[in-house]
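Under numbering that gives the first Met the number 0, the sequence shown has 262 at position 263, and the numbering climbs by one with no breaks. Ideal Cβ placement from N, Cα and C applies to all residues, glycine included. The structure presented is a predicted model; accordingly, all values stated were derived computationally and were not measured.
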Amino acid sequence: MTEPTPLSPAGLPAPTSHRRGTLWGVSLGPGDPGLITRAAWAALQRRDVAWAYPARSGKTPSYALDIATRAGLAPPEQHSLLLFPMTHDGEKLARAWLKAAHTLLPWLQAGRDVLFLVEGDASTYATFGHLARTVKALDAEVPVQVLAGVNSFTAACAQAGVPFAEQDDTVAIVPAAYGLSAVDRLLPDFDTLVLMKIKPLLDELLDWLQRRGLLAGAHFIERVGAPDERRVSGADLLALRGTRVSYLSLLLVKNPGRVRGERIKGCLKKSATPAPATPSLLDPT
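Structure (structure tokens):
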């Protein structure tokens with residue numbers, strides 16, 4: 000009896016040995032295995048693939064792999080831990096990405112799909128983009144695909160019971176590395192601020208929230224969806240001063256005092272001049 004042709008996560012025939020395998024960015028959600036999408040779940044059932052998953056060091060377990068493990072999933076026969084150090088040193092990062100890419104290339108060039116496991120969403124502040132660009136630089140024929148997932152800040156809003164955005168609310172997603180001055184400049188124009196990677200600036204951010212009268216609408220969420228998730232809201236946030244928090248922490252800040260300017264009524268009104276889009280401040284690294 001002829002074996003059925005294995006399918007890729009997109010429902011297409013899996014690559015054979017005469018062509019490159021696909022590098023998949025498989026989004027697992029921020030921590031709760033229940034937030035793994037059906038598409039990602041189907042991809043992770045395949046046994047004809049290799050898995051790769053990131054960690055900050057050889058002594059630090061992979062958070063992405065932990066999500067899959069808590070979902071009851073086991074790696075296929077071929078799998079590899081890839082190191083992505085927590086540093087702003089461009090040369091060290093480039094070396095890590097190159098080493099990771101060289102680890103995956105033999106599988107890809109042999110026609111095997113590689114699933115790179117990513118916590119949250121693979122296109123949002125993830126290592127996958129760096130890895131994919133490095134792989135493509137080494138071999139432009141390697142296809143790259145992303146399976147979208149739930150990101151940490153929408154999951155955090157759900158856990159905190161607050162809307163991410165309503166109607167024509169404006170939202171800014173800001174890595175705290177830009178500093179308090181950047182956050183303060185954005186405040187008048189946004190209803191919701193999502194402050195990412197807050198660990199180094201937590202005490203300063205708490206002082207800023209208190210000074211600006213924003214504590215009542217602020218929520219701290221650490222390792223959202225994980226068994227050790229921690230949430231602190233309102234004035235209780237001040238108890239976090241001087242404490243250690245996880246890198247996987249964020250602040251949601253609702254700004255009830257934002258003054259809204261004139262807005263165009265009716266998206267089909269051709270005579271109106273469209274207002275310029277207000278961009279989110281994204282991490283260029």
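Measure the alpha-carbon distance for aspartate 167 versus arginine 222 and round it to whole angstroms. Mapped onto the sequence shown, residue 167 falls at position 168. Mapped onto the sequence shown, residue 222 falls at position 223. The C-alpha of arginine 222 is placed about 29 Å away from the C-alpha of aspartate 167.
Looking only at its own chain, which residues have a Cβ that is under 8 Å from the Cβ of leucine 179, when we skip the five neighbours before and after it? Locating residue 179 in the sequence shown gives position 180, counting from the first residue. Residues Leu200, Glu203, Leu204, Trp207 of the same chain have their beta carbon placed closer than 8 Å to that of leucine 179, with the five preceding and five following residues left out of the count.
Measure the C-alpha to C-alpha separation of arginine 257 and alanine 164 and round it to an integer number of angstroms. One-based indexing of the sequence shown puts residue 257 at position 258. One-based indexing of the sequence shown puts residue 164 at position 165. Near 14 Å, if we compare the C-alpha coordinates of alanine 164 and arginine 257.
Counting along the chain, where does the beta strand (DSSP E) carrying valine 170 start and finish? For this step, residue 170 is matched to residue 171 along the sequence shown. Judged by DSSP secondary structure, valine 170 falls within the beta strand (DSSP E) whose first and last residues are 170–174.
Which same chain residues, not among the five before or five after alanine 215, have their C-beta less than 7 Å away from its C-beta? Here residue 215 refers to the residue found at position 216 when the sequence shown is read from its first residue. Hits under 7 Å: Gly233.
Taking one C-beta from the stretch 26–44 and one from the stretch 84–98 each time, how about it: are there three or more such pairs within less than 8 Å? No: fewer than three Cβ pairs fall under 8 Å.
Pick helix, strand or coil for tyrosine 62, following the three-state DSSP scheme. Your numbering for residue 62 matches position 63 in the sequence shown. Looking at tyrosine 62 - three-state DSSP - the assignment turns out to be helix.
If you measure between the beta carbons of valine 141 and leucine 22, is that distance less than 7 Å? The sequence position of residue 141 within the sequence shown is 142, counting from 1. The sequence position of residue 22 within the sequence shown is 23, counting from 1. Going by C-beta atoms, valine 141 is nearer than 7 Å to leucine 22.
Along the beta strand (DSSP E) that carries proline 105, what are the first and last residues, could you check? Locating residue 105 in the sequence shown gives position 106, where the first residue counts as 1. It is not in any beta strand (DSSP E) - proline 105 instead sits in the alpha helix (DSSP H) that spans 89–108.
Figure out for me which residue from Phe219, Arg184, Tyr52, Val170 has the closest Cα to the Cα of alanine 67. Walking along the sequence shown from the start, residue 67 turns up at place 68. Of the candidates Phe219, Arg184, Tyr52, Val170, the one whose C-alpha sits nearest the C-alpha of alanine 67 is Tyr52.
Between which two residues does the alpha helix (DSSP H) holding glutamate 203 run? Position 204 of the sequence shown, counted from the first residue, corresponds to residue 203. First-last of the alpha helix (DSSP H) with glutamate 203: 201–210.
Should tyrosine 62 go down as buried or exposed, given a rule of 16 or more other Cβ atoms within 10 Å for buried? By 1-based counting over the sequence shown, the position of residue 62 is 63. Looking at its Cβ environment, which holds 16 or more other Cβ atoms inside 10 Å, tyrosine 62 is buried.
Return the chain-ordered list of same chain residues with a C-beta closer than 7 Å to the C-beta of glutamine 108, the five sequence neighbours on each side being excluded. For the purposes of this step, residue 108 is taken as the residue at position 109 of the sequence shown. For glutamine 108, where only same-chain residues beyond five positions count, the Cβ hits under 7 Å are Arg19, Asp138.
Would you say tyrosine 151 and glycine 119 are within 7 Å of each other, going by their C-beta atoms? As a position in the sequence shown, residue 151 is number 152, starting the count at 1. As a position in the sequence shown, residue 119 is number 120, starting the count at 1. Looking at the sequence shown, residue 151 is not tyrosine but serine. Result yes, Cβ atoms of serine 151 and glycine 119 sit closer than 7 Å.
Exposed or buried, which one is isoleucine 263 when buried takes at least 16 other CB atoms within 10 Å? Your numbering for residue 263 matches position 264 in the sequence shown. Burial is judged here by how many other beta carbons sit within 10 angstroms of a residue's own beta carbon; isoleucine 263 has fewer than 16 and is exposed.
Considering leucine 114, what are the terminal residues of the beta strand (DSSP E) in which it resides? As a first step, residue 114 is located in the sequence shown; it is residue number 115 there, counting from the start. For leucine 114, the uninterrupted beta strand (DSSP E) run begins and ends at 113–117, by DSSP.
Taking the beta carbon of proline 174 as the centre, do at least 16 other beta carbons fall within 10 Å, making it buried, or is it exposed? For the purposes of this step, residue 174 is taken as residue 175 along the sequence shown, with counting starting at 1. Under a 10 Å Cβ-count criterion, proline 174 is classified as buried, with 16 or more other Cβ atoms of the shown protein chains found around its own Cβ.
Exposure label - glycine 71; buried when at least 16 CB within 10 Å: Along the sequence shown, read from residue 1 onward, the residue named residue 71 stands at position 72. When all chains shown are included, glycine 71 counts as exposed.
Distance between proline 84 and valine 113 (C-alpha atoms, nearest Å): Position 114 of the sequence shown, counted from the start, is the residue given in the question as residue 113. Position 85 of the sequence shown, counted from the start, is the residue given in the question as residue 84. So the alpha carbons of these two residues sit roughly 21 Å apart.
Who pairs with phenylalanine 83 in a beta bridge, going by DSSP? Looking up residue 83 in the sequence shown gives position 84. Under DSSP, no beta-bridge partner is assigned to phenylalanine 83.
When burial is assigned at 16 or more other CB atoms within 10 Å of the CB, is aspartate 190 buried or exposed? As a working mapping, residue 190 is identified with position 191 in the sequence shown. Counting other Cβ atoms within 10 Å of its Cβ, aspartate 190 reaches 16 or more and is therefore classed as buried.
Based on Cα-Cα distance, which residue from Ala125, Ala121, Gly241, Val244 lies nearest to threonine 36? Numbered from 1 along the sequence shown, position 37 holds the residue referred to as residue 36. Across the set Ala125, Ala121, Gly241, Val244, the C-alpha of Ala121 shows the shortest separation from the C-alpha of threonine 36.
Would you say isoleucine 66 faces chain D, with C-beta separation under 7 Å as the test? The structure shown has no chain D; it contains just one protein chain.
Which word fits glycine 160, buried or exposed, when buried means at least 16 other C-beta atoms lie within 10 angstroms of its C-beta? Mapped onto the sequence shown, residue 160 falls at position 161. With a 10 Å radius around the Cβ and a threshold of 16 neighbouring Cβ atoms, glycine 160 comes out exposed.
Where does the unbroken alpha helix (DSSP H) through arginine 37 begin, and where does it stop? Working through the sequence shown from its first residue, we reach residue 37 at position 38. 37–43 is the extent of the alpha helix (DSSP H) around arginine 37.
Apart from the five residues on each side of it in sequence, which residues of its chain come closer than 7 Å, Cβ to Cβ, to leucine 64? Indexing the sequence shown from 1 puts residue 64 at position 65. In the same chain as leucine 64, and ignoring 5 residues on each side of it, the C-beta atoms closer than 7 Å to its own belong to Tyr52, Leu116, in chain order.
Rounded to whole angstroms, what is the Cα-Cα separation between isoleucine 197 and histidine 87? Counting from one through the sequence shown, the residue named residue 197 turns up at place 198. Counting from one through the sequence shown, the residue named residue 87 turns up at place 88. Answer to the nearest angstrom: the Cα atoms are 15 Å apart.
Considering only residues of the same chain and omitting the five flanking positions on each side of glycine 10, which have a CB-CB separation below 7 Å? Looking up residue 10 in the sequence shown gives position 11. Bear in mind that a pLDDT of 46 at glycine 10, under 50, signals an unreliable position, so the model cannot answer this.
For alanine 51, write down the residues that DSSP places opposite it in a beta bridge. Counting from one through the sequence shown, the residue named residue 51 turns up at place 52. When beta bridges are read from the DSSP output, alanine 51 appears opposite Ser79, Phe115.
Rounded to whole angstroms, how far is the Cβ of leucine 250 from the Cβ of phenylalanine 219, which I believe are closer than 8 Å? Along the sequence shown, one-based indexing puts residue 250 at 251. Along the sequence shown, one-based indexing puts residue 219 at 220. Separation of the CB atoms of leucine 250 and phenylalanine 219 is rounded to 6 Å, and the pair is thereby assigned contact status at 8 Å.
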